[in-house]
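Chemist: Numbering (the numbering used here), first residue to last: 125 to 264. Where a beta carbon is used, it is the ideal one built from N, C-alpha and C, also for glycine. Below are the structure tokens for one structure; questions will follow.
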């Protein structure tokens, strides 16, 4: 059996990409100067920025929420007799319910994107020096 120390996990998110780029290129000519930006402030900025990006949730969570929101109107419609539903054919009522579910998921998705943008905006306002430095590192 292989030793667990032989296995490595590669994390490819914004925080780790920026940290690796800084670590690997900080001595290169033309690399942005950090100035009076402390290591702690830069680390806090990258951590908070990554936390804001991660607040959207995993792909698995998004698919689970999508499934629930799409099926929920179908379940609610099934509680009513067919005479009280908008269409006489069950197929049209089911399609309407699924369409409502898609609209609910779209609203949820747009709200989660808005939340991420607001959180990133707060992080950028809290750490303006770190944001300027990271913007320069991205361009490098």
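Using the beta-carbon count (16 or more within 10 Å), is residue 187 buried or exposed?
Modeler: Per the 10 Å Cβ criterion, exposed.
Chemist: Check whether the Cβ atoms of residue 180 and residue 247 lie closer than 8 Å to each other.
Modeler: Not closer than 8 Å, so no.
Chemist: What are the uninterrupted segments assigned as alpha helix (DSSP H) that are 4 or more residues long and contained completely in the segment 127-185, given in chain order?
Modeler: As far as the segment 127-185 is concerned, its whole alpha helix (DSSP H) runs of at least 4 residues are 138-149 and 163-178.
Chemist: Going by beta-carbon coordinates alone, are residue 149 and residue 264 separated by less than 8 Å?
Modeler: Yes, they are a contact pair.
Chemist: What would DSSP say about residue 213, mapped onto helix, strand or coil?
Modeler: Coil, per DSSP.
Chemist: From what residue to what residue does the alpha helix (DSSP H) around residue 252 run?
Modeler: Where residue 252 is concerned, the enclosing alpha helix (DSSP H) stretches over 252-263.
Chemist: Given a threshold of 16 other Cβ atoms within 10 Å of its Cβ, counted over all protein chains shown, does residue 146 qualify as buried or as exposed?
Modeler: Buried.
Chemist: Figure out for me which residue from 154, 141 and 171 has the closest Cα to the Cα of residue 244.
Modeler: Of the listed residues, the one whose Cα sits closest to residue 244 is 171.
Chemist: With a cut-off of 8 Å, do at least 3 Cβ pairs link the segment 226-235 to the segment 148-163?
Modeler: The segment 226-235 is not in contact with the segment 148-163.
Chemist: Reducing DSSP to helix, strand and coil, say where residue 202 ends up.
Modeler: The answer is coil: DSSP assigns residue 202 none of H, G, I, E or B.
Chemist: Taking 8 Å as the cut-off, does the segment 187-203 touch the segment 218-225 (at least 3 CB pairs, one atom from each stretch)?
Modeler: Touching, per the Cβ criterion.
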